[in-house]
């Protein structure tokens, strides 16, 4: 006989499965920005980083800039 926990796990997935599923929309937004950020020069990537700092100082939330900042960071690492 199956326990409640194993039934719930089959229906809802593990905690990790749910966390991964919750991040998929954010990852899709970041991936959609890839062509834009691939086209940037190294200098433009650095300039975008400074732009993010200014936007945060102006009151924009970290959640608002997260997709752009992550796409920028990923491109800087290439």
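Numbering (the numbering used here), first residue to last: 261 to 338. The C-beta atom is built at its ideal place from N, Cα and C for all residues, glycine as well.
DSSP places residue 320 in the coil class of the three-state scheme, outside both helix and strand.
Contact annotation, residue 327 with residue 300: C-beta distance approximately 15 Å; criterion of less than 8 Å not satisfied. For residue 335, same chain residues with a beta-carbon under 7 Å away, outside a window of 5 residues either side, are 297, 298, 300, 305 in chain order.
By alpha-carbon distance to residue 310, the top candidate from 329, 338, 281 is 329. Here residue 308 has 332 as same chain residues with Cβ atoms under 6 Å from its own Cβ, once five neighbours each way along the sequence are excluded.
Look at residue 278 here: in three-state DSSP terms it is helix.
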